[in-house]
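Novice: Sharing a structure here in C-alpha cells format.
Numbering (the numbering used here), first residue to last: 1023 to 1731.
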C-alpha cells in the first residue's frame, strides 16, 4: 500500500516536470524570436516589402497627331480616378464632421447620381472602417476634377484632406471617322495600324514610376510623391494629310460607291515633288449596305491593275527603241485569238479600231493594240520586258512608314505560271499585281519628270514648338526612264483626256493627264471563264495641272453592281471632284490673270469681282456683251476684254474661308461674315490681300484683315 508521503513525492515530481517543460518551451520561443529578429529579420522584412511594395508604371501622355494645317487628328484626353484617404492623420474628426455635409452635397450636385445623404453614409462608413484608399469616382473629366479641387475637405489636398487622383489617358479622334484608318491605332496584342503604329516610339513617350503599396482588398495605393519618377510625354507628329481635301475625298468616294452599289473603293492624293499624301480614303460595304473604313485598300490590296498598267508597258517599248507614238498598229476588228484565250477591245461590237497610231492605242485603251506592241517588241526575249519593268521599281514594295503594304508581283519567265500568252496579258495589266498606291507612285514619277519618290505620310515630329525631326522626301528611283520618253508619254496621257477614254473629265480651267482602267476580277472558283461570275475594278489615275503637275491622284472602285464598270464613269467623277476642290483652293496653281486695264470712257468699264446677279445686271443695263461658262454663277471673277467682259465662276464653299481678292468691300464683308469671321480692312477700293488664306477652315470669331488697293 502506497504511503501518503510517496503520493506527495509523485505529485511534486510531475509538477516539476511540467514546469520544466513550460520553461523549455518558453526558451525555444524566445530563442526563435531572437533568431527571427537578429538573424532572419532583415531578409524577412525585405520579402514582406517585396510583396506589398511595388514600383508601378505611370502612363506617359501619348503625343498628338496633327493634319498639315495644325488641325488635331488624334489626341489623348486625360481621365481621372478619384479616391480618398479618409484616415490620413491631418483629417481629424473635427475637420471631417465640419465638412462632410458640404462635401456630400457637392458630390451629389456634380455627378447627379446619388443623394447627399447617400454620399454621407458611404463616406462616414468608409472612415469608420479605416479606409485609406476609398474609391469616389472613375472616368472623371478634367473639368469635373477642377471643380472637385474646390470641394469641402478635398480642397485641403492630398495630405491634409486625403484627396487622391490617378490620371489615365483615353485616345480620341476629333474628326471621328475622317482618315481614321490612316491615323490608325496601337493596341495590346494587335498589329499596329496607320500613323499610330508607324510612329509609336515617338508618340509613346517614356512612362514614369510610382511606389505603390498593396492594402486590404488587393488595392494598390501610392506611397508618397517622393518615390515618383515623372513620365516624359510623347512627341507630336504632323501628318501630311489636308483635312479639307480628306473630307472631300471621303464624301466623293462614298457618294459614288453608294450610287454604283460597289463593294469597296479607295482614293489617294499625292503631292508630285514631295510624295506627301494629302488625302487617303478607304471605304468598304458591310452586310447592311452601309460603308465604313475597315481596311486600307490603297496600301494593302494587291490586284491586277488592268489598263493603268499600259503606261509602264508603253514606256518600256518606247525606251527600248521598239516603237514611237506615230507608229501604226493594226488593232483589227477588236478581237484577237491567242491559243485558248480571246482578247477583246471595248469597241468590238462596233468593228474594232483598225489601224491606228501607238498614241491612239493608248488614248482609246486598246488591249489588242498594246498586246501587239509588246509581242512585237519582246516575243523573242520576254525576260527583257520583265527586267525593264523591274528596273522601273515596279517589283519591290515602296517601303512606306505605315505597316501592311501589299506585295507587288512582276513574274519572271521561269515562273511556273508563265505561259505563251503571259506577255500579251501583262501588256494590259493582267498576270501582274500592284496596289493602288504603287500604281500612283509610278504615275507620280512620270509627273515628276521621271523621279520616283516614296509616298510620305508624316512631315515632322515636334516637342511643343520645337522641331525634333523633319521627315525628308526619299527618292526610290532617280529616273525611271529618259526625259524624252517622259515627254512622249505625257502627250499620250493628256490625249486620254482630250481625245480618249476620259473625255468626260476635261474642263476649261486646268488640264488633267491620266489613264482609265477597267479590269476583270477573276472568281476564285471559275477564274475568267464565265462573264456572269466575274466582277470588275474601275480605276483612274493621273495628275494635274498637266502642264506643270503639282498633284497626282488615283481612284479605284471594286465590284460596282449597277452594270456600269468603266473607269471613266465610275472612278473618273471621284477624281474630278477631288481635283476641282484642290484646284479651287490652291491659288498658286491658277493661271495668272492678265493685268486689268482702266479703259477710256468710251470703252468697256472695269468691274470688281462680286455677286454674279449684280454684275450681270449692271453690264446688261450698259449693253455690254458678257461671256460666261456657267449658266448662273453666284459669285464671279470679271475679266475685261476689248469688246466684252468674261465672267468666271468663283466657288464659295461652306465652312471654308472664301477667296475675296478683287472684290469690293461690301461683297467681301458679306461673304466673310457669313463664314463667321470678323472683318477689319485698311485702304480703299478692291481687296488686294486677305490675312487668312482662302480655302482654310473658317473658325467662327476669328479676325480677318483685308488690304484694299
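Quick reminder that beta carbons are idealized off the backbone N, C-alpha and C, glycines included.
Here the structure is a predicted model, which is why all the values come from computation and not from measurement.
1) Using the rule of at least 16 other Cβ atoms within 10 Å of the residue's Cβ for burial, across every protein chain shown, is residue 1150 buried or exposed?
2) Three or more C-beta pairs closer than 8 Å, one from the segment 1582-1600 and one from the segment 1285-1302: is that the case here?
3) Round the Cβ separation of residue 1224 and residue 1179 to the nearest angstrom and send it over; I've been treating them as touching at under 8 Å.
4) Rounded to whole angstroms, what's the CA-CA distance from residue 1168 to residue 1187? Just pull it up for me.
5) For residue 1710, name the three-state secondary structure that DSSP assigns.
6) Using the C-alpha atoms, what's the distance from residue 1608 back to residue 1717?
7) Taking buried to mean at least 16 other C-beta atoms within 10 Å of its own C-beta, is residue 1490 buried or exposed?
8) State yes or no: is the C-beta of residue 1090 within less than 8 Å of the C-beta of residue 1263?
9) Less than 8 Å between C-beta atoms, sequence neighbours within five positions excluded: which residues of the same chain meet that for residue 1642?
10) Quick test of the definition: if touching needs 3 or more C-beta pairs under 8 Å, does the segment 1312-1322 touch the segment 1452-1462?
11) Which residue marks the beginning of the alpha helix (DSSP H) containing residue 1170, and which one marks its end?
12) Would you give the residue range spanned by the beta strand (DSSP E) that residue 1491 belongs to?
13) Inspect the beta-carbon positions of residue 1594 and residue 1527 and report whether they are closer than 8 Å.
14) Excluding five sequence neighbours on each side, which residues of the same chain lie with their C-beta closer than 6 Å to the C-beta of residue 1128?
15) Quick check on the burial criterion: 16 or more other C-beta atoms within 10 angstroms. Buried or exposed for residue 1046?
16) If you draw a straight line from the C-alpha of residue 1733 to the C-alpha of residue 1637, how long is it?
17) Please report the Cβ distance between residue 1449 and residue 1393, rounded to the nearest whole angstrom; I am assuming they are in contact, meaning their Cβ atoms lie under 8 Å.
18) On the three-state DSSP scale, how would you describe residue 1450?
19) Look at the alpha carbon of residue 1106 and the alpha carbon of residue 1185, and state the distance between them as a whole number of angstroms.
20) Taking 8 Å as the cut-off, decide whether the C-beta atoms of residue 1221 and residue 1259 are in contact.
21) When you compare the CB positions of residue 1331 and residue 1451, do they come within less than 8 Å of one another, or not?
22) Exposed or buried, residue 1085, counting other C-beta atoms within 10 Å across all chains shown (16 or more means buried)?
23) Does the count of Cβ pairs from the segment 1360-1375 and the segment 1414-1431 closer than 8 Å reach three?
24) Taking just the CA atoms, how far does residue 1134 sit from residue 1675?
25) Which two residues bound the contiguous beta strand (DSSP E) that contains residue 1696?
26) Provide the residue(s) that pair with residue 1659 in DSSP beta bridges, ordered along the chain.
27) Measure from the alpha carbon of residue 1277 to the alpha carbon of each residue in 1299, 1307, 1700, then state which is nearest.
28) According to the Cβ coordinates, are residue 1102 and residue 1050 closer than 8 Å?
29) How big is the Cα-Cα spacing for residue 1267 and residue 1467?
30) Of the choices 1503, 1281, 1282, 1564, whose alpha-carbon is the least far from that of residue 1518?
31) For a test of the three-state rule: what should DSSP assign to residue 1036, helix, strand or coil?
32) Cα separation between residue 1679 and residue 1711?
33) Between the Cα of residue 1426 and the Cα atoms of 1668, 1213, 1635, 1442, which residue gives the shortest distance?
34) Please report how far the alpha carbon of residue 966 lies from the alpha carbon of residue 1727, in whole angstroms.
35) Mind checking residue 1610: buried by the 16 CB within 10 Å criterion, or exposed?
36) Give the straight-line distance between the Cα atoms of residue 1148 and residue 1100, rounded to the nearest whole angstrom.
Specialist: In short:
1) Here residue 1150 refers to the residue found at position 128 of the chain shown. Classification of residue 1150: exposed, given that the 10 Å Cβ count is below 16.
2) yes
3) Numbered from its first residue, the chain shown carries residue 1224 at position 202. Numbered from its first residue, the chain shown carries residue 1179 at position 157. The pair is not a contact, with the Cβ atoms about 35 Å apart (cut-off 8 Å).
4) Walking along the chain shown from the start, residue 1168 turns up at place 146. Walking along the chain shown from the start, residue 1187 turns up at place 165. So the two alpha carbons sit approximately 11 Å from each other.
5) On the chain shown, position 688 is the one that residue 1710 refers to. DSSP places residue 1710 in strand when its eight states are reduced to three.
6) Taking the first residue of the chain shown as 1, we reach residue 1717 at position 695. Taking the first residue of the chain shown as 1, we reach residue 1608 at position 586. Residue 1717 and residue 1608 have their C-alpha atoms some 8 Å from each other.
7) For this step, residue 1490 is matched to residue 468 along the chain shown. With fewer than 16 Cβ atoms within 10 Å of its Cβ, residue 1490 is classed as exposed.
8) Locating residue 1090 in the chain shown gives position 68, counting from the first residue. Locating residue 1263 in the chain shown gives position 241, counting from the first residue. Yes, the pair counts as a contact, with Cβ atoms nearer than the cut-off.
9) The residue labelled residue 1642 in the question sits at position 620 within the chain shown. Closer than 8 Å at the Cβ level, and outside the excluded window around residue 1642, lie 1648.
10) Judged by Cβ distances under 8 Å, the segment 1312-1322 makes contact with the segment 1452-1462, as three or more pairs qualify.
11) The sequence position of residue 1170 within the chain shown is 148, counting from 1. 1164-1170 is the span of the alpha helix (DSSP H), which, as asked, contains residue 1170.
12) Within the chain shown, residue 1491 is the residue found at index 469, counting from 1. Looking at the DSSP string, the run of the beta strand (DSSP E) that includes residue 1491 is 1488-1492.
13) As a first step, residue 1594 must be located in the chain shown, where it is residue number 572. As a first step, residue 1527 must be located in the chain shown, where it is residue number 505. Result yes, Cβ atoms of residue 1594 and residue 1527 sit closer than 8 Å.
14) In the chain shown, counting from the first residue as 1, residue 1128 sits at position 106. Hits under 6 Å: 1173.
15) Along the chain shown, read from residue 1 onward, the residue named residue 1046 stands at position 24. Classification of residue 1046: exposed, given that the 10 Å Cβ count is below 16.
16) The structure shown has nothing for residue 1733, since the chain only spans 1023 to 1731.
17) If you number the chain shown from 1, residue 1449 lands on position 427. If you number the chain shown from 1, residue 1393 lands on position 371. Confirmed, Cβ separation roughly 5 Å.
18) Taking the chain shown and counting its residues from 1, one reaches residue 1450 at position 428. Correct three-state label for residue 1450: coil.
19) The count along the chain shown starts at 1 and reaches residue 1106 at position 84. The count along the chain shown starts at 1 and reaches residue 1185 at position 163. Approximately 5 Å between the Cα atoms of the pair.
20) Taking the first residue of the chain shown as 1, we reach residue 1221 at position 199. Taking the first residue of the chain shown as 1, we reach residue 1259 at position 237. By the CB criterion at 8 Å, residue 1221 and residue 1259 fall inside the cutoff.
21) Residue mapping note: residue 1331 aligns to position 309 of the chain shown, counting from 1. Residue mapping note: residue 1451 aligns to position 429 of the chain shown, counting from 1. Yes.
22) The residue given as residue 1085 occupies position 63 in the chain shown. Residue 1085 should be labelled buried.
23) no
24) Counting from one through the chain shown, the residue named residue 1675 turns up at place 653. Counting from one through the chain shown, the residue named residue 1134 turns up at place 112. Taking C-alpha positions only, residue 1675 is separated from residue 1134 by approximately 43 Å.
25) Residue 1696 sits at position 674 when you count from the first residue of the chain shown. Residue 1696 -> not in any beta strand (DSSP E); alpha helix (DSSP H) instead, spanning 1687-1696.
26) Within the chain shown, the letter at position 637 stands for residue 1659. Note: residue 1659 sits in a beta bridge opposite 1670.
27) Numbered from 1 along the chain shown, position 255 holds the residue referred to as residue 1277. Minimum Cα distance to residue 1277 is reached at 1307.
28) As a first step, residue 1102 must be located in the chain shown, where it is residue number 80. As a first step, residue 1050 must be located in the chain shown, where it is residue number 28. No, Cβ-Cβ distance for residue 1102 and residue 1050 is not below 8 Å.
29) Within the chain shown, residue 1267 is the residue found at index 245, counting from 1. Within the chain shown, residue 1467 is the residue found at index 445, counting from 1. About 22 Å.
30) The residue you call residue 1518 lines up with position 496 of the chain shown. Residue 1564 is the option with its Cα nearest to residue 1518.
31) Indexing the chain shown from 1 puts residue 1036 at position 14. Helix at residue 1036.
32) Position 657 of the chain shown, counting from 1, holds the residue named residue 1679. Position 689 of the chain shown, counting from 1, holds the residue named residue 1711. Spanning the two alpha carbons is a distance of roughly 13 Å.
33) Taking the chain shown and counting its residues from 1, the one referred to as residue 1426 is at position 404. Of 1668, 1213, 1635, 1442, the residue nearest in Cα terms is 1213.
34) Summary: the structure shown does not reach residue 966, with the chain confined to residues 1023 through 1731, and so no result is reported for it.
35) Here residue 1610 refers to the residue found at position 588 when the chain shown is read from its first residue. Its Cβ having fewer than 16 others within 10 Å, residue 1610 is exposed.
36) For the purposes of this step, residue 1148 is taken as the residue at position 126 of the chain shown. For the purposes of this step, residue 1100 is taken as the residue at position 78 of the chain shown. When rounded, the distance between both Cα atoms is 27 Å.
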